[in-house]
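To start, the structure itself, in structure tokens.
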Amino acid sequence: MFQRMIDKSMAKSPWIFHINAGSCNGCDIELVSVLTPRYDAERLGFRLTGTPRQADIVVVSGPVTSQTKDRLVRTLAQVPEPRVVVSLGSCPRSGNVFKGSYCVDGPLEKYTHVDVSVGGCTPKPEAIMAALAKASEILAEKRKEMRQA
Amino acid sequence: MTTLLWTIFHVLVFPGLLFCVVVGLLLAGLDRKLVARMQNRVGPPLLQPWYDFLKCCGKETIIPRHARRGLFLAAPVLGFAALITAALFIPVFSYSVYSTSADLVVILYLLTVVGVSMIVGAAASGSPFAGVGLSREMVAMISYELPFVLVMLAVGRMAGVGTPLGVTFSLQAIVDWQAANGNLLFHWSMIPAALAMLFVIPCEIGMHPFDIAEAETEICEGTLAEYSGPPAGLFRLTHCVKMYVMCALFCVLFLGGISTGYAALDALVMVVLSVVLTFVTMSVPHAVCARFKVEQVFKFYWTVVAGLALISLILVWLGL
Amino acid sequence: MTFDFSNFINNFPILAIMSLFLGAFVSSLVGRRSAKVRNTVVFLSMLISLVLILALIKPVLLEGKIINYWLGNWEPVNGWAFGNSLEVDALSLFFALIVVVAVFVSGVYSFFYMSHDDSLVNYYTLFLMLSGSVLGLVLSGDLFNMFVMIEIMTFTAVALTAFRNHYEGALEGAFKYLVVGSLGSTSVLIGIALIYSQMHTLNLAQIAAMLPGYDSPVILIAFAFLFVGFGSKAFLFPFHPLAADAHAVAPASISLMISGVLTKCGVYGIIRLCYCLYQNMDQTFVQYFVTGIGVISMFVCVTMAFNQHNFKRLLAFHSISQVGYVITVIGLGSALGMSAGLFHAMNHTIFKGLLFLTAGAVQHATGSLDLDELGGLSKKMPGTCALFLIGAASISGLPPFNGFASKWMIYQATFQKAGETGNFFFVVVCVAALITSVLTLASFIKVAQSVFFGQLNLKFANTKEVSLGMRIPMWILAALCILPGLFPDKVQQWLLTPATQAAMNAPGYIDAAMGSGYAASFAIPAYQPQQIFLSGAWQPVMWLLLLISVTLAVCIVALLGGDEKATVTSEISADTDCDPKYDSFFSGEASVYSQVGGSDLFWGFKHNWRRYFSFMHDWHSGVVNDYTLYGTAAIAVALVLCVIFL
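Residue numbers (the working numbering), protein chains in the order written: chain A, 187 to 335; chain B, 47 to 366; chain C, 4 to 649.
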């Protein structure tokens, strides 16, 4: 019973850790706007956390520059299971306008499995909300898989 | 046999584990909801802290390489247990389980043990962020301890003035005194002390304007930086239960005389009063203030709050 | 002729003292040949004195007998004591117990701790002389004998402070101790001379009988001199900088002796002076004076400890701070205060001894005491870390350790005194005591974080845990930290109440030495045993049982609900050494050595107090001239105050 309660609450309390992998700050501001009174992601239980150790959803923005690559990989490794990775904006997906630059080592797929990807430069808050909701569903599924494995 | 069963009941159900946890989670949920409403948001569901705790239980526990394994895992359990033990000794108005040993100094120290267990856990995690966090937690502790002590002495003197020793630290005696002479909150000389105690509550708990130790935007959750999974959940739960324990302590110290005579009804009154106190002392400052700096917290508590408590103490001492 | 045990027992005190002095003599004779023989001699002499003192517990503490031993059988004639005597009442025995236990632990620890040093014969000779002199001091029934013992004690302690003279500052510390310590000894000597000139006797009991009725400004001056002299032996304010300099450089076993035993001699001297000789503890001025000195020592030293970078210097300041607690409550003049003070004096020896020994272990293993440099030793020295945490919790007064039990009595005593007299001064004292306790806690959090937790400095990667021989004495002290904390009522019943009653019972002390009725002939009122009231209840066993049961309840609930598969607790294996998953989170940076240094902690507190700290920094100049000046000023102030108010 306790396990089923945990399963249920998994989707209801996803905590977000945000990594900026060389983003222009556009997506980052939009992510914060999701938490403002207008959109209020907290009503779905989302909460920004300060440390990857307590994160469930890792949101990565930016094209993964060579400077941030190591830090990104290390921080991703420090997130406990089960975890979901969300790529925010076009940059981590394709490199966007930075594609081909000498200092860009993207895309994000090269380093980790991306569960949810939101396109756009920058994506609308509504899209981010939808992506986070999707991510929390995936989180609950992952938890079930882990338990059955 | 019945005594043993009663003890188990007291420890596990009321006023111990279950009651504290349920009320604590309820208060934390209400606090988040209230803050959200004050900021014109919908806010999370009332059971959100409960979901948070359950979710933490379902996560992996990572023990960092620099951590001291045993202490790292034992610290949250010890802190939580010390807090529940303190709660057992706080009478629910006239209903007190262990009346003879209810002593204010001991409760003060048990609450310190809760803080220290968090500090030790943070130190054992080996993280530099936790190092900064525990230093801040300690400064916060120094800050609120002075006014807390002054309030304690004022109450002890007020309630103990008729006794042969001229002072009492027994919570039961304080409650009895209030039942006979009216609540301390409504004695005008105690009003500054009550105000000071209202300020002590959020800092003791580490609520938002005073959450310097866990400043997630500055020092990555500070003391909790390396905690993941169930231990992190237990720390969060301790935080919630502390909200109830501190509110209950305020009720006993300043509103101890309003007993109805029925334990269940008393508990209900206690919960309602705790909700009101949560709103006044935690939700409103949370919604209104930005986080204080470390040295501001210290200065504020040692000047304004300690000053308020000192006024009461001097007034009480002069027999007013 | 039948063997009379009760008479034979009268010889135990002198035998206990002689065993230590003889041990010093014999070990220096035979010690150069073989280390084994020397250690055996040292061990035996410590053991004999320990056993002899322990054997006195039953007659003296439990049955209330006062042992009087006249050296050479020079018993008093016609009410005049000519001979030299040992007089052991419950108070003396209480302190003697502290002394012999501390000596024994420190000696056993030395066998392993000092094993790498040379000229150990000198060390053990001095060590045993120091031990013998402190034991002689607390058992003595003669004022001048006390002075002789103080002199031996001071000079052996100076020599032992400088024993590791290759340490930076060792000679400097010893020199300061020598100069300022001599100032204190001289002050005692002047006091004794003044008393002798008036009373024409040196026997404590006889002086105690004659003094209270004697009206002369000379004895007031003598009081000031003796008080400052004994105070300087307890390193009370303003003699405290001395202790810090001496402790930081002395071997850890000697730090234990200085902080745990020598300071207690000062405390013992002050108790005898105020309660027995002058019996003026009921005067408000004396209460203010003693308590005031205690509070100042307590508070100034704990704030000074905040700024220290050296492990043992920090402990040294705390040591004076804790002695400040003892003096504070002794100054209250109430039975509860006395018993709280004695309890704390005993506990201070135990937990501070433990802390000094852990500091010694850290130094032994790493060669460093620098709080900014050390870190992460808990993985390398888990046993020492656990012992340190016990000691730190005790000194910070966390339940259920012994420090809490005694501090709790201290708060009760001060606030009761305030309640009885209606005097606001004692409320301030109570608040200061509580705040000092929090600051002590903060200070030990700093040590724990910067020595045992955090990240390991690569310099100390090869550190090994210290040997079992060093850990066993520490475990003994740790056990002594826990037991009195769990059973304070038993300690109260067996040790504190007899010692308290003996301390307050001046006529009993006089009559035991000079024959019954002697005190009454000097119009000293008979002693009414005082009740020790506690205004609250502290039942540690009950609290502990509840704490354990709650912990068990939490664990059971967690186990019932938990699922092993989902909540994987990651085991650390060999291949995780480079897995970034187990690195400390450092904003994604590689895990480099990033320990938060001890001096960087508590910024918010220090910032608000920066003026006070900078003033204190200038005041503790480290110049021996200044310290002598402070000492002289202390004598002058005490003289003026005593002459005006007493």
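Heads up, the beta-carbon is just placed ideally off N, CA and C, and yes, glycines get one too.
Check: Per DSSP, cross-strand counterpart(s) of residue 251 of chain A; Outcome: A:290
Check: Residue 282 of chain C to residue 295 of chain C span [Cα, whole Å]; Outcome: 19 Å
Check: Proximity test, Cβ basis, 7 Å: residue 456 of chain C and chain A; Outcome: no
Check: Bridge partners - residue 88 of chain C, DSSP secondary structure assignment; Outcome: C:73
Check: Below-7 Å beta-carbon distance, residue 266 of chain A vs any chain D residue; Outcome: The chain labelled as chain D is not found among the protein chains of the depicted structure, namely A, B and C.
Check: When C:383, C:307, C:288 are compared against residue 461 of chain C, the one with the closest alpha-carbon; Outcome: C:383
Check: Collapsed DSSP secondary structure at residue 80 of chain C in the structure displayed; Outcome: strand
Check: Inter-residue spacing [alpha-carbon to alpha-carbon] between residue 282 of chain B and residue 120 of chain B; Outcome: 15 Å
Check: C-beta neighbour in chain A for residue 122 of chain B, strict 7 Å; Outcome: no
Check: Nearest-angstrom beta carbon gap, residue 221 of chain A and residue 250 of chain A [assumed within contact, 8 Å]; Outcome: Not quite, the Cβ-Cβ distance comes to about 24 Å (not below 8 Å), so this is no contact.
Check: DSSP state of residue 234 of chain A mapped onto helix, strand, coil; Outcome: strand
Check: Cut-off 6 Å between Cβ atoms - residues of its own chain near residue 190 of chain B, not counting five sequence neighbours on either side; Outcome: 246, 249, 250, 347
Check: 7 Å Cβ cutoff, residue 183 of chain B in contact with chain A; Outcome: no
Check: Neighbour list for residue 363 of chain B in chain C, Cβ cutoff strictly below 8 Å; Outcome: 425, 427, 430
Check: Bridge partners - residue 274 of chain A, DSSP secondary structure assignment; Outcome: A:247, A:304
Check: Sub-7 Å separation of residue 488 of chain C and residue 403 of chain C beta-carbons; Outcome: yes
Check: Coarse secondary structure for residue 149 of chain B, derived from DSSP in three states; Outcome: strand
Check: Buried or exposed (CB count within 10 angstroms, at least 16 for buried), residue 370 of chain C; Outcome: exposed
Check: Proximity test, Cβ basis, 7 Å: residue 411 of chain C and chain B; Outcome: yes
Check: Pair within 7 Å by beta-carbon distance, residue 78 of chain B and residue 226 of chain A; Outcome: no
Check: Local conformation of residue 201 of chain A per DSSP, three classes; Outcome: strand
Check: C-alpha distance - residue 294 of chain B paired with residue 192 of chain B, whole-angstrom precision; Outcome: 20 Å
Check: Residue 268 of chain C classed as buried or exposed, judged by whether at least 16 other C-beta atoms fall within 10 angstroms; Outcome: buried
Check: Interface flag, residue 267 of chain B vs chain C, CB-CB below 7 Å; Outcome: no
Check: Close-in-space but distant-in-sequence residues of the same chain around residue 242 of chain B (CB under 8 Å, 5 per side omitted); Outcome: 193, 196, 197, 351, 352, 354, 355, 358
Check: Helix, strand or coil at residue 145 of chain C [DSSP, three-state]; Outcome: strand
Check: Residue 609 of chain C beta carbon near the ligand FMN (any heavy atom closer than 6 Å); Outcome: You won't find the ligand FMN in this model; it holds no ligand whatsoever.
Check: Residue 303 of chain C beta carbon less than 7 Å from that of residue 637 of chain C; Outcome: no
Check: Interface flag, residue 86 of chain B vs chain A, CB-CB below 7 Å; Outcome: yes
Check: Buried or exposed (CB count within 10 angstroms, at least 16 for buried), residue 574 of chain C; Outcome: Any reading at residue 574 of chain C needs caution, since the residue's pLDDT is 46, under 50, leaving its predicted position unreliable; the model's value is listed next. Under this definition residue 574 of chain C is an exposed residue.
Check: Residues near residue 642 of chain C in its chain [Cβ-Cβ closer than 8 Å; skip 5 each side]; Outcome: 224, 227, 228
Check: Under 7 Å by beta carbon: chain C residues contacting residue 234 of chain A; Outcome: Here the premise fails: no neighbours, minimum Cβ distance about 15 Å.
Check: Buried versus exposed call for residue 286 of chain A [16 or more other C-beta atoms within 10 Å across all chains shown]; Outcome: exposed
Check: Spatially closest choice to residue 201 of chain B from B:184, B:177, B:240, B:186, by CA coordinates; Outcome: B:240
Check: Cβ-Cβ distance between residue 192 of chain A and residue 103 of chain B below 7 Å; Outcome: yes
Check: Reference residue 75 of chain B; option with closest CA among B:105, B:290, B:309, B:133; Outcome: B:290
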